[in-house]
Every structure is written in C-alpha cells, then in structure tokens.
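Residue numbers (my numbering), protein chains in the order written: chain A, 1 to 288; chain B, 1001 to 1283.
From the three backbone atoms N, C-alpha and C, an ideal C-beta is built for every residue, glycine too.
To start, the structure itself, in structure tokens.
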Amino acid sequence: MKNDVRVSQSIQKNTRVSHFFSYLLMSVLAVLFLFPIFLVVMNSFKNKLYISTTPFLWPDSESFVGLQNYMDGLTKIHFLSSLGYSLFITVVSVALIIIFCSMTSWMISRVPCGLSKFLYGLFLISMVVPFQMVMYTMTKVANVTKLDNFVGICVLYLGFGAGMAVFMFSGFINGVPVDLEEAALIDGCNPLNMFFQVVFPIMKPIVITVAILNAMWVWNDFLLPYLVIGTKYKTVPVAVQYLKSGYGSVDYGHMMAVIVFALIPIVVFYFACQKYIIEGVIAGAVKG
Amino acid sequence: MRKSYKKYYALFVIPTLAAYAIAFVIPFVMGLGLSFCKFKTLKHAHFVGLSNYIYVFTQNSGFLGALWFTVKIAVVGVVTTNLIAFGLALLLSRGLKGTNFFRTIFFMPNLIGGIVLGYIWQLLLNGILIKLTGNDLTYSATYGYWGIILLYNWQKIGYLMIIYIAGIQSISSELMEAAKIDGATYRQTLHSIIIPLVSPSITICTFLALTDCFKMYDQNLALTGGAPANKTMMLALHIYNTYYNRKGFSGIGQAEGVVFTILVLVIAGIQLKISRSREAKEV
Chain A
1 MKNDVRVSQS IQKNTRVSHF FSYLLMSVLA VLFLFPIFLV VMNSFKNKLY ISTTPFLWPD
61 SESFVGLQNY MDGLTKIHFL SSLGYSLFIT VVSVALIIIF CSMTSWMISR VPCGLSKFLY
121 GLFLISMVVP FQMVMYTMTK VANVTKLDNF VGICVLYLGF GAGMAVFMFS GFINGVPVDL
181 EEAALIDGCN PLNMFFQVVF PIMKPIVITV AILNAMWVWN DFLLPYLVIG TKYKTVPVAV
241 QYLKSGYGSV DYGHMMAVIV FALIPIVVFY FACQKYIIEG VIAGAVKG
Chain B
1001 MRKSYKKYYA LFVIPTLAAY AIAFVIPFVM GLGLSFCKFK TLKHAHFVGL SNYIYVFTQN
1061 SGFLGALWFT VKIAVVGVVT TNLIAFGLAL LLSRGLKGTN FFRTIFFMPN LIGGIVLGYI
1121 WQLLLNGILI KLTGNDLTYS ATYGYWGIIL LYNWQKIGYL MIIYIAGIQS ISSELMEAAK
1181 IDGATYRQTL HSIIIPLVSP SITICTFLAL TDCFKMYDQN LALTGGAPAN KTMMLALHIY
1241 NTYYNRKGFS GIGQAEGVVF TILVLVIAGI QLKISRSREA KEV
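Structure below.
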C-alpha cells in the first residue's frame, strides 16, 4: 500500500517535470518562430542606414524615424493600391473558382460518360506540372487574349486553380446521394437552379476548404502576376520584390514597412478564420 | 434523369474548361512544341530537333548544377522539416493545456508568401552573419544553402505538424489505453503504435515537402537570388533566368521546363504508387 502511494507520487512528479520541459521547449520554439516577425516590426521604425548595420538594436533617438517608412510606403511606393489589386484579384479569382469549378465538378460526377472521365483526367494534369513549364507561353496567350490586366488575370487563376478545385469538389460530390437532386428535378426545377438551390448549400464545407486554399495561393502568388501584369499592376508580392530589383540598392526602411503592411491582412485573416484554415489545410493535404 | 442533365452539360463545363485551356492546355502544348525550337519571339520560331535538350545536359547550361543544388536542399529540407514537425506534433498531442496557442504560432509562417518570407529572413540572417563573420548571405554558397534550409523549416514545420497532429489524433484512444494498461513505455508505444499508424501521414508529408522543395522559387529569389555567382540557384529560378535573362536561350529554357516537368511527374508517380499499394494492403 505504502509502496503504491510512493510509486504514484513519483509518477506524478515525473509527469510534472516532463510537463515543465514540454512547456519550456514549446515556449523557446514559439519565441524562435515569432522572433523574425518581431525583428521586422522593430526595424520598420528605424532609419534605413541603421537597419543593415545594427538590426538587433532597439530603435534609439538616432535611428528612430517614427512612421516615416510607413508614410513612404503609402506615398512613394503606393502600397495601398497594391493591397487593393491583391485583394480584388484574390476575391474575384476565388469566387470564379468556387462557382465554376463546383458546377463543372458536379456535372462531370453526375454524368459519368467517357467525356467526363477524360475531362477529369485533363484537369488533374495541371496539379503536378510546375509553373515554369508554361510561364512563357501562358504570358503570350494572356497578351493575345487581352487577359493581361487585373480583371483578366482572374480568368487565368480560374484556369490554374481548376485542377485542384475539380479534384476536391468531385471527391466530395461522389459521396453525396442523388435523391435530393432527383426530387427537386421532379418538382420542375431546371438543373441550373437546382444546382444552386439544392447542391451548392450541401457543399458548404468543401467550398470553405477550397476557398481558403486558393485564397492563400492567389494572395501570395508572385511569378504569375509578375509576368502577366507586373509592369502595370503590382500585387503585394510583386511590389515587395520590386523594391529590390527596381531601384538598384534596397531601401531597407521601405522594405520593412512594406513587409509589415503585407503581414497585417494575413494575420487578420488567420485569426479571423483560424479553425477553417487549419481544417482546410489538413483536408487539402490529405486529399491532394 | 441523366438526359435532362445532358442539355446543360456544356453550360456547366465550358466556362471552367475555356479558362483551363487558355491558362494551361494551350500554353502546355505550345511549350512542348517550342522546346524543340530556337526562338526569340513566337513568330520566328524554327525547328532545331533535340539540340535544346542536348544542351540542357551539358555543363555550360548550369541545369545539372541547379538540379544538384535542388536535390541537396530537398534531401536535408525534407528530413529536417519532417523530423521537427513530427516531434512537435507528438508534443502538442499529449493533451497539455494551452497547446492550441502554440499550434497557432507554429502554423502562422505557412500563410506568409515566399517573397515576403525571403526578405524577412534576409534581414535576420544578414544581421547575424555580419555580426559573426563580417560578410552577408551573398558571400558564400554555404551561407545561402543553410539560409534556404532555415527559411524552409520556419515556413513548413507548422504545416507538416498540423497534418501529423491530425494523424496522431486519429489513432483510437482505446489502443493507447490498452498499451498503457499493458505497461508499455512511451518509447514502446511510439515505436509499435504511433509510428506505424501515422505512416500514411509520413508518406503525405514527405512528398509534400519533396515536391515543394523541387518547385521552390519565391523563397530562393528573395533570399539569395542565386548569389554568389548562381551557386545557390535552384531549378525553378535557373529555368526562369535561362528563359528571360540570357539572350537566345528561350528554347533551352523551355526544354529545361519540360525536363523539370518530367522530374516532378516522376516524383508524383512514385507517391501515387506508394499510397495505392498501401490502400491495397489495407483492403
């Protein structure tokens, strides 16, 4: 009896020690994970000369420039318009992908003919082909078809996003019974109305997943907007890269402020829909 | 029933298909054709047979060097991200309080785009390197190499960790309890229960990281841009530079794109085969 108590006490003590080390390890790692971002924010308030020479020092009376870098980011680099382009392109592209790819996936899942099988296979190919294979010719096609502006590029994103979206939507639809749809058709609905009134609401979980995965991709995508619309309309990643390639030497003050601007929407988005993002990423990885 | 759908088939399929054709199918076929041509503009392309491909595999093209650098990044990148992510997943799925908070932090870098990531890490690594050695990232290919590895770990660990956590959590708690009652140590449980049962996640994460490393472009461009002397140039960046920064090399860049595509297809094919054979075993 006495022995048992002693054993259980020592087990408890062991768990407590191991909990302590777990927390210690996680905290150290958490600091390491946050440090680079903290460093950028801190340096965004310093004069550019001090950023490259003493990046780890807290801003002092000499190096502190207040919001100057941020003001330059807004007035000289016109970063607000970059945020606007990125937001517009991301929202419209994701909407196009959701609407048209869900329609296509539903149709090719519900009408299992040779053509449907062929189309399904055709869409999947783009998921594995690296962008460098098509970057030049795609840019030329975009020029000819007049899609080289911030509206037309959304059509290109529909095309590039189709592979993954069709794959994920089809996987979901195959598990949805057809009874409801047949009942709605007997009631005299045409397939288009029926799709949006009956099928689309059922697809909500997969729609959220596809929307999140595509939003993350389009928002952060660099090479496609750089090649197709980069000279006229700079999205956020293009504007950041342009600081480096455009003016010769980099103004690190501007760079820091612009990076902070770029991070704010991501952090807001992350904390607003964290649950969906993490679930979506798991679903996307496991199915993809 | 199916008949009433068929009238609407075109309406449902054509918008996506048209966009897909413009963005992918037509450029893909054109690209395949152009890889056998010499061209500056599309109008003045002329057929040169396999000579682009032959040049790709000579020393001068730099393709093999970039491939070798990419392989080195991929091997170390895949191993380090997966080991650390798996370790963190074990730590975070022990039911400790507050693990959600840590999960949130570890996952966050995954949302940041490669270009922005590259410049964040350039600031940090240059700061450290200049302090320690007096030189920055562009001084040596070794710096650039480990810089890319560090950046990639920071970006991907949280992502892989989330997938591993999902895998670990799907193990039935009865099985874990049974092991505990039988007096299995944590190490034994890890060896005989957790690792075998999360092996599908291990396959997924390994190949995710592998294709990711092979396709890496933004991070490479922003962090090192290939410096010094193109020694830290990965495949994707190398192809871009061959295409756009060397006059008269467009055809060779396109041929490199085709070879690159084949490489990635082979990796994807191996992954498919592994996961299919596992499914067959389970059934």
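Is there a C-beta anywhere in chain A that falls below 8 Å from the one on residue i?
i: B:W1121; result: yes
i: B:W1146; result: no
i: B:S1250; result: yes
i: B:G1226; result: no
i: B:G1257; result: yes
i: B:T1285; result: Given that chain B is displayed from residue 1001 to residue 1283, the structure contains no residue 1285 of chain B and the question cannot be resolved.
i: B:V1154; result: Note that residue 1154 of chain B corresponds to Trp in the displayed sequence, not to Val. So, interface residue.
i: B:K1043; result: no
i: B:A1268; result: yes
i: B:P1196; result: no
i: B:A1179; result: no
i: B:A1089; result: no
i: B:D1182; result: no
i: B:Q1169; result: no
i: B:V1116; result: yes
i: B:L1050; result: no
i: B:F1107; result: yes
i: B:Q1254; result: yes
i: B:L1137; result: no
Where residue i and residue j are concerned, what is the direct C-alpha to C-alpha distance, given to the nearest angstrom?
i: B:I1262; j: A:L180; result: 44 Å
i: A:W58; j: B:I1163; result: 37 Å
i: A:I97; j: B:T1203; result: 29 Å
i: A:V228; j: A:D221; result: 12 Å
i: B:I1267; j: B:T1211; result: 7 Å
i: A:V41; j: A:M256; result: 7 Å
i: A:V166; j: A:T90; result: 18 Å
i: A:N307; j: A:F269; result: This structure cannot speak to residue 307 of chain A, because chain A is shown only from 1 to 288.
i: A:V258; j: B:A1280; result: 51 Å
i: A:S82; j: A:T235; result: 5 Å
i: B:G1253; j: B:I1239; result: 5 Å
i: B:D1136; j: B:A1010; result: 57 Å
i: A:A239; j: A:I77; result: 8 Å
i: A:W106; j: A:V218; result: 24 Å
i: B:Q1122; j: B:L1223; result: 6 Å
i: A:R110; j: A:F196; result: 15 Å
i: A:L213; j: B:L1067; result: 29 Å
i: B:G1183; j: A:I37; result: 45 Å
i: A:M1; j: B:Y1186; result: Unreliable positioning characterises A:M1 in this predicted model, as indicated by a pLDDT of 48, which lies under 50. A coordinate reading is not provided.
i: A:S27; j: A:P112; result: 53 Å
i: B:L1090; j: B:I1112; result: 25 Å
i: B:I1165; j: A:I264; result: 27 Å
i: A:G161; j: A:F169; result: 12 Å
i: B:Q1139; j: A:I282; result: Residue 1139 of chain B is actually Tyr in this sequence, not Gln. Straight-line Cα distance between these residues: approximately 39 Å.
i: A:F150; j: A:L243; result: 21 Å
i: B:W1154; j: A:G114; result: 45 Å
i: B:V1013; j: A:L122; result: 13 Å
i: B:I1120; j: B:A1019; result: 35 Å
Can you name the residues that DSSP bridges to residue i?
i: B:C1037; result: B:F1047
i: A:K46; result: A:F64
Between residue i and chain B, is the shortest Cβ-Cβ distance under 8 Å, so that the two count as touching?
i: A:K140; result: yes
i: A:M1; result: Residue confidence for A:M1 is low, a pLDDT of 48 falling below 50, so the modelled location carries little weight and cannot support an answer.
i: A:T209; result: no
i: A:N220; result: yes
i: A:I212; result: no
i: A:F123; result: yes
i: A:Y276; result: no
i: A:A184; result: no
i: A:L49; result: no
Check whether the Cβ of residue i sits closer than 7 Å to any heavy atom of the ligand SAH, and report yes or no.
i: A:L34; result: Within the structure as shown, the ligand SAH is missing, as the structure has no ligands at all.
- Query: Just by C-beta distance, which residues in the segment 55-77 of chain A are closer than 8 Å to chain B?
  - Reply: Those would be P55 and F56, in chain order.
- Message: Beta carbons nearer than 9 Å to chain A: which residues of the segment 1200-1213 of chain B have them?
- Response: P1200, S1201, I1204, C1205, L1208 and T1211
- Determine contact between the segment 1179-1187 of chain B and the segment 1033-1047 of chain B, defined as no fewer than three beta-carbon pairs at a distance below 8 Å. no
- Message: Please identify, using Cβ separations under 8 Å, the residues of the segment 99-114 of chain A that lie next to chain B, in order along the chain.
- Response: So the close ones are F100, C101, M103, T104, W106, M107, I108, R110 and V111.
- Message: So, does the segment 129-137 of chain A touch the segment 87-101 of chain A, judging by three or more C-beta pairs under 8 Å?
- Response: no
- Looking at C-beta atoms only, is the number of pairs between the segment 1025-1039 of chain B and the segment 1194-1202 of chain B that lie closer than 8 Å three or more? no
- Counting pairs of Cβ atoms below 8 Å between the segment 1239-1255 of chain B and the segment 1079-1086 of chain B, do you hit three or more? The segment 1239-1255 of chain B makes no contact with the segment 1079-1086 of chain B; the number of CB pairs closer than 8 Å stays below 3.
- Message: Check whether the segment 1140-1148 of chain B and the segment 263-278 of chain A touch, using three or more Cβ-Cβ pairs below 8 Å as the test.
- Response: no
- When you check each C-beta in the segment 1057-1084 of chain B against every C-beta of chain A, which residues fall closer than 8 Å? none
- Item | Residues within the segment 173-206 of chain A neighbouring chain B, beta-carbon criterion of under 7 Å | E182, L185, P191 and L192
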